[in-house]
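K.L.:
This structure is in structure tokens; I'll ask about it shortly.
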Amino acid sequence: MEVDTEHNTLLIQGAVPGHPNTILAINRSQKRAFKSLDEKKAFVVRKVNPMKQSKAQAKGK
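The sequence shown begins at 1 in our numbering and counts up one residue at a time.
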């Protein structure tokens, strides 16, 4: 998708629903913004069972 500000148009590649040569209404999405996998991994907090955590520390891991 590209934006042509000189001609005030959006350039869209691919299939668009509707009949050919009709007006297409574009609205803001109700969905949340896309996050890449790297961003998702940064927010993942590992839950550790306290009993297992103490055993791992005792073994030196």
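Cβ coordinates follow ideal geometry from the N, Cα and C atoms, glycine included.
Which class does E39 belong to by DSSP, given the choice of helix, strand or coil?
P.N.:
Three-state result, E39: helix.
K.L.:
If you draw a straight line from the C-alpha of E2 to the C-alpha of L24, how long is it?
P.N.:
Approximately 16 Å, taken between the alpha carbons.
K.L.:
What are the boundary residues of the beta strand (DSSP E) that L10 is part of?
P.N.:
Start and end: 9-11.
K.L.:
State the Cα-Cα distance for the pair L10 and R28, rounded to the nearest angstrom.
P.N.:
Each residue's alpha carbon lies about 14 Å from the other.
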